[in-house]
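Chemist: Could you have a look at this structure, given as structure tokens, before my questions?
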Amino acid sequence: MKIILTTTSPSIDSDVDSRFGRGAYFIVVDPDTLDWQAHPNPGMSAPGGAGTLAAQFVGNQKAEAALSGDFGPHAFAALQAAAVSMYVYGDCRTAREAVERFKAGSLERVGVATRGECEGEHHGPA
Amino acid sequence: MIIAVASGKGGTGKTTVATSLALSLAAELTPEPLFLDCDVEAPNAHLFLQPAFDQRQEVSILIPSVDEAICTHCGKCAEVCQYHAIAVLGTKTLVFPQLCHGCGSCTALCPEWAISEIPKVIGVLERGVTPEGIPFGRGLMNIGEPMAVPIIRQLKKWAVPRPQQVVIMDAPPGTSCPVVESMRGADFVLLVTEPTPFGLHDLRLAVQVAHDLDVPVGVIINRDCSDDARVDVFCVDADIPILMRVPFERSIAEGIARGQTLIEIHPEYAERLRVMFAEIVERAL
Amino acid sequence: MMKQLVILSGKGGTGKTSVAAVFAHLAHDGPQSLRAVLADADVDAANLELVLEPDQTESHDFVGGSVAVIDAQLCQGCGICEQVCHFDAVLAPSSREEHYAYSIDTIACEGCAACVYQCLEEAVHMEAQVVGQWYRSESRYGPLFHAELRPAQENSGKLVTLVKQQARLLALDEGYQAVIVDGPPGIGCPVISAASGADLALIVAEPTAAGIHDMERVLQTTAHFRVPALVCINKADIYPGGAAQIEAYCRERGIEIVGHIPFDMSVTDAMVHGEPVTAWRPETSASRALTDIWQVIADRLNGLEKKDEQNE
Numbered sequence: 001m002k003i004i005l006t007t008t009s010p011s012i013d014s015d016v017d018s019r020f021g022r023g024a025y026f027i028v029v030d031p032d033t034l035d036w037q038a039h040p041n042p043g044m045s046a047p048g049g050a051g052t053l054a055a056q057f058v059g060n061q062k063a064e065a066a067l068s069g070d071f072g073p074h075a076f077a078a079l080q081a082a083a084v085s086m087y088v089y090g091d092c093r094t095a096r097e098a099v100e101r102f103k104a105g106s107l108e109r110v111g112v113a114t115r116g117e118c119e120g121e122h123h124g125p126a
Numbered sequence: 127m128i129i130a131v132a133s134g135k136g137g138t139g140k141t142t143v144a145t146s147l148a149l150s151l152a153a154e155l156t157p158e159p160l161f162l163d164c165d166v167e168a169p170n171a172h173l174f175l176q177p178a179f180d181q182r183q184e185v186s187i188l189i190p191s192v193d194e195a196i197c198t199h200c201g202k203c204a205e206v207c208q209y210h211a212i213a214v215l216g217t218k219t220l221v222f223p224q225l226c227h228g229c230g231s232c233t234a235l236c237p238e239w240a241i242s243e244i245p246k247v248i249g250v251l252e253r254g255v256t257p258e259g260i261p262f263g264r265g266l267m268n269i270g271e272p273m274a275v276p277i278i279r280q281l282k283k284w285a286v287p288r289p290q291q292v293v294i295m296d297a298p299p300g301t302s303c304p305v306v307e308s309m310r311g312a313d314f315v316l317l318v319t320e321p322t323p324f325g326l327h328d329l330r331l332a333v334q335v336a337h338d339l340d341v342p343v344g345v346i347i348n349r350d351c352s353d354d355a356r357v358d359v360f361c362v363d364a365d366i367p368i369l370m371r372v373p374f375e376r377s378i379a380e381g382i383a384r385g386q387t388l389i390e391i392h393p394e395y396a397e398r399l400r401v402m403f404a405e406i407v408e409r410a411l
Numbered sequence: 412m413m414k415q416l417v418i419l420s421g422k423g424g425t426g427k428t429s430v431a432a433v434f435a436h437l438a439h440d441g442p443q444s445l446r447a448v449l450a451d452a453d454v455d456a457a458n459l460e461l462v463l464e465p466d467q468t469e470s471h472d473f474v475g476g477s478v479a480v481i482d483a484q485l486c487q488g489c490g491i492c493e494q495v496c497h498f499d500a501v502l503a504p505s506s507r508e509e510h511y512a513y514s515i516d517t518i519a520c521e522g523c524a525a526c527v528y529q530c531l532e533e534a535v536h537m538e539a540q541v542v543g544q545w546y547r548s549e550s551r552y553g554p555l556f557h558a559e560l561r562p563a564q565e566n567s568g569k570l571v572t573l574v575k576q577q578a579r580l581l582a583l584d585e586g587y588q589a590v591i592v593d594g595p596p597g598i599g600c601p602v603i604s605a606a607s608g609a610d611l612a613l614i615v616a617e618p619t620a621a622g623i624h625d626m627e628r629v630l631q632t633t634a635h636f637r638v639p640a641l642v643c644i645n646k647a648d649i650y651p652g653g654a655a656q657i658e659a660y661c662r663e664r665g666i667e668i669v670g671h672i673p674f675d676m677s678v679t680d681a682m683v684h685g686e687p688v689t690a691w692r693p694e695t696s697a698s699r700a701l702t703d704i705w706q707v708i709a710d711r712l713n714g715l716e717k718k719d720e721q722n723e
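Residue numbers (our numbering), protein chains in the order written: chain Z, 1 to 126; chain H, 127 to 411; chain R, 412 to 723.
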């Protein structure tokens with residue numbers, strides 16, 4: 001099984017990054033073996049549509065769950081279409097901690113976008 | 127002759143000047159000038175000119191619609207989309223209308239011809255005539271829509287002036303895309319400013335836009351109270367004519383608050399505005 | 412918990428920036444103090460720094476979208492680019508001088524790259540453009556993030572988001588209690604970006620025919636994006652009939668009016684002198700009204716905090 005977390009640095013011991021679309025790094029983890037790999041988030045510096053771009057990356061990794069602080073409406077719709085479950089960090093500090101809580105079943109799973117429209121990126125000429 | 131009335135800073139009196147100019151010209155020109163309210167996010171000119179709207183047209187942009195039966199999920203559409211408005215997730219191809227610019231790239235480049243373009247309504251255009259016979263057009267953006275420019279663009283194509291008809295465009299505040307679209311194609315840009323640091327700061331930016339578009343500029347100083355000359359100094363340095371000054375008067379502010387035009391409050395402005403118009407025509411040519 | 416306040420109006424020129432400056436002052440120095448980071452989200456016409464006169468500590472290029480560039484040497488003049496462009500951004504060759512090549516109107520170009528993908532000669536490529544700057548400055552009242560978009564550029568929304576994001580990150584990192592966002596006029600993209608994620612919006616309304624109309628549009632916008640909104644009426648005595656209309660409108664919709672600020676030249680004078688009016692002349696009627704409004708806003712922001720704590 002694979003899950004993906006957003007972090008501020010490329011390590012499982014990094015602090016979590018609360019943003020999904022514009023989080024700095026993705027950590028792909030097997031929660032059972034704790035094997036992990038870090039990837040820069042392609043959405044982080046995209047001019048627009050960061051949520052959808054980040055979601056596509058997660059979809060391509062074939063992860064079953066995504067953990068972050070916030071899922072905007074585009075990221076949410078995209079991840080839902082890719083059948084990726086979404087969980088929020090709550091007060092987890094590090095990615096390792098979040099993985100442990102995920103395994104223990106104590107992270108909150110979200111069924112709706114946790115952020116309103118447009119805190120993300122835009123729509124061109126305006 | 128197309129005159130765009132803009133400002134940079136909001137609230138300096140664009141609509142006050144634009145509507146009063148239209149009224150003063152309507153008294154003497156045939157055909158009456160065409161008035162276009164290009165502030166599609168927050169249009170106000172209709173409050174002053176009171177047109178009777180008799181025509182309406184929805185404004186749409188074309189967004190992609192994917193036929194999942196044909197789609198092979200190859201991802202080409204997602205690759206070409208510069209706005210990440212279309213994405214392939216698992217076995218679904220999703221479109222994000224809020225991000226879509228309506229450029230047509232994904233539709234043109236889909237190897238399976240699986241994408242068609244469908245209209246998404248983002249606003250409405252309205253047309254009518256005022257009691258003085260001024261043809262009036264405006265656009266109204268739907269709440270929650272991010273993009274004003276397509277509406278302004280379509281307004282300009284929909285409300286076309288007759289030959290020899292003067293056009294007055296009431297631009298939105300600011301200096302970015304919607305303002306550029308309002309100024310584009312104008313023969314003259316009339317900038318309304320106030321003699322304050324905010325006013326001057328934003329005036330400089332608005333002048334830059336007009337220069338980038340290669341359109342001559344003139345300034346009206348509104349709420350003029352002679353102790354602050356910074357705008358004057360700027361205009362002299364930049365070789366921009368100050369075409370008129372409207373003094374600060376509480377009675378003017380109160381009249382406008384009630385929806386009166388400058389001409390209703392002080393009828394002598396009608397002639398002053400016509401004189402200014404004649405000067406603009408000379409300078410534009 | 413850090414709270415975000417955005418100040419909007421719909422109509423330009425109602426006094427958002429003057430109010431934002433006052434809030435910056437009172438949040439820092441007033442009895443209801445809140446440690447706040449400031450953000451000027453009106454990137455087209457950024458005026459908050461004119462009142463706060465901060466010292467700039469950081470400046471960064473802002474890269475907007477890209478624009479297309481046609482290599483005239485490779486162009487064979489077939490005109491496909493002009494046909495596929497939805498934005499009238501491709502200019503036909505104007506004369507048969509040296510080479511019959513198409514070119515791009517960079518102001519009209521929206522960076523969609525349709526021409527890039529469809530040019531048979533691969534003669535078009537995209538170039539990223541620096542279209543503005545964003546800054547971090549230190550004011551008397553706290554850190555200020557602001558930006559200037561170069562005139563005639565697009566992507567205000569992206570730059571607004573960036574400014575807000577920087578303010579928010581600093582506030583979270585250094586334990587500030589609030590971010591105060593001075594919003595742009597209108598209701599489109601830049602406003603949506605400025606309002607998004609806000610815990611509270613204060614609408615500075617003007618009791619004029621135009622001001623009321625635009626206030627209604629911006630309130631519909633904040634409602635659409637589920638941002639709770641409060642209203643204050645600026646220059647309230649200019650048109651008492653207008654103020655009454657606003658009160659009725661708000662009452663019908665259960666929107667709270669948190670204060671009336673009388674028309675007062677001291678506000679403009681203060682701005683000219685580069686100070687918030689409450690710092691310049693705290694005893695004027697406008698200053699007193701603004702101070703009362705701040706107390707309500709500060710309470711409201713703190714109240715939101717308490718509600719969150721209770722829910723956890």
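All C-beta atoms in this analysis are idealised placements derived from N, C-alpha and C, irrespective of residue type, glycine included.
Which ranges does the alpha helix (DSSP H) cover as unbroken runs of at least 4 residues, wholly within the region 351-402 of chain H, from first to last along the chain?
Modeler: 356-363, 376-383, 388-391
Chemist: Give the list of continuous alpha helix (DSSP H) stretches no shorter than 4 residues that lie fully inside the region 613-673 of chain R.
Modeler: 620-635, 651-663
Chemist: Between the C-alpha atoms of residue 570/R and residue 44/Z, what's the straight-line distance to the nearest angstrom?
Modeler: C-alpha separation (whole angstroms): 14 Å.
Chemist: Exposed or buried, what is residue 475/R when buried is set at 16 or more other beta-carbons lying within 10 Å of its beta-carbon?
Modeler: Under the 10 Å beta carbon count, residue 475/R is surrounded by 16 or more other beta carbons and is classified as buried.
Chemist: Is the Cβ-Cβ distance between residue 143/H and residue 267/H less than 8 Å?
Modeler: no
Chemist: Looking at the unbroken alpha helix (DSSP H) that takes in residue 682/R, where does it start and where does it end?
Modeler: Annotation for residue 682/R: the continuous alpha helix (DSSP H) segment containing it runs 676-683.
Chemist: Excluding five sequence neighbours on each side, which residues of the same chain lie with their C-beta closer than 6 Å to the C-beta of residue 524/R?
Modeler: 537
Chemist: Roughly how many angstroms separate the alpha carbons of residue 438/R and residue 616/R, rounded to a whole number?
Modeler: 22 Å
Chemist: I'd like to know whether the C-beta of residue 265/H is nearer than 8 Å to at least one C-beta of chain Z.
Modeler: no
Chemist: Where residue 119/H and residue 514/R are concerned, what is the direct C-alpha to C-alpha distance, given to the nearest angstrom?
Modeler: Residue numbering for chain H in the displayed model covers 127 to 411; residue 119/H lies beyond these limits and cannot be assessed.
Chemist: Who are residue 537/R's beta bridge partners in DSSP?
Modeler: Note: residue 537/R sits in a beta bridge opposite 479/R.
Chemist: Taking a contact to mean a Cβ-Cβ separation below 8 Å, would you say residue 610/R touches residue 421/R in this structure?
Modeler: No, the Cβ-Cβ distance between residue 610/R and residue 421/R is not below 8 Å.
Chemist: Nearest CA to the CA of residue 96/Z: which residue from 73/Z, 14/Z, 25/Z, 3/Z?
Modeler: 14/Z
Chemist: Pick helix, strand or coil for residue 414/R, following the three-state DSSP scheme.
Modeler: strand
Chemist: What residue from 647/R, 412/R, 440/R, 455/R has the CA that sits closest to residue 303/H's CA?
Modeler: 455/R
Chemist: Chain Z partners of residue 214/H, CB-CB under 8 Å?
Modeler: 56, 59
Chemist: Closer than 7 Å, Cβ to Cβ, to anything on chain R: give me those residues from the region 145-176 of chain H, in chain order.
Modeler: 167, 168, 170, 173
Chemist: Quick check: what's the CA-CA separation for residue 386/H versus residue 558/R?
Modeler: 36 Å
Chemist: Quick one: give me the first and last residue of the beta strand (DSSP E) that residue 66/Z is part of.
Modeler: 65-68
Chemist: Along the chain, where does the alpha helix (DSSP H) that runs through residue 76/Z open and close?
Modeler: 73-81
Chemist: Give me the Cβ distance between residue 113/Z and residue 107/Z, rounded to the nearest whole Å; I'm assuming they're in contact under 8 Å.
Modeler: Residue 113/Z to residue 107/Z, Cβ: 17 Å. No contact.
Chemist: Quick check on residue 381/H: buried or exposed, where buried means 16 or more other Cβ atoms within 10 Å of its Cβ?
Modeler: buried
Chemist: Evaluate residue 17/Z with the Cβ neighbour count: other Cβ atoms within 10 Å of its Cβ, from every protein chain shown; 16 or more gives buried, anything less gives exposed.
Modeler: Residue 17/Z is buried by the Cβ-count criterion.
Chemist: What's the call for residue 104/Z, buried or exposed, on a 16-neighbour Cβ count within 10 Å?
Modeler: exposed
Chemist: Taking buried to mean at least 16 other C-beta atoms within 10 Å of its own C-beta, is residue 470/R buried or exposed?
Modeler: It is exposed - the Cβ of residue 470/R has fewer than 16 other Cβ atoms within 10 Å.
Chemist: Could you tell me whether the Cβ of residue 240/H comes closer than 8 Å to any Cβ of chain Z?
Modeler: no
Chemist: Where does residue 246/H fall in DSSP's three states?
Modeler: strand
Chemist: Return yes when the Cβ of residue 547/R is within less than 8 Å of the Cβ of residue 468/R, no when it is not.
Modeler: yes
Chemist: Give the range of the alpha helix (DSSP H) segment to which residue 528/R is assigned.
Modeler: 525-529
Chemist: With DSSP as the reference, label residue 129/H as helix, strand or coil.
Modeler: Note: residue 129/H maps to strand in three-state DSSP.
Chemist: Between residue 52/Z and chain H, is the shortest Cβ-Cβ distance under 8 Å, so that the two count as touching?
Modeler: yes
Chemist: Which residues in the same chain as residue 362/R place their Cβ atom closer than 6 Å to its Cβ, once the five residues preceding and following it in sequence are excluded?
Modeler: Any question about residue 362/R goes unanswered here, given that chain R covers just 412 to 723.
Chemist: Determine, for residue 191/H, whether the minimum Cβ-Cβ distance to residues of chain R falls below 8 Å.
Modeler: no
Chemist: Decide yes or no for the touch test of the region 54-63 of chain Z against the region 71-86 of chain Z: beta carbon pairs closer than 8 Å, at least 3 of them.
Modeler: Touching, yes.
Chemist: Whose C-beta lies closer than 7 Å to the C-beta of residue 560/R among residues of the same chain, with five residues either side of it excluded?
Modeler: 454, 455, 542, 543, 567, 570
Chemist: So if I threshold CB-CB distances at 7 Å, which residues from the region 76-100 of chain Z count as touching chain H?
Modeler: 77, 78, 81, 82, 83
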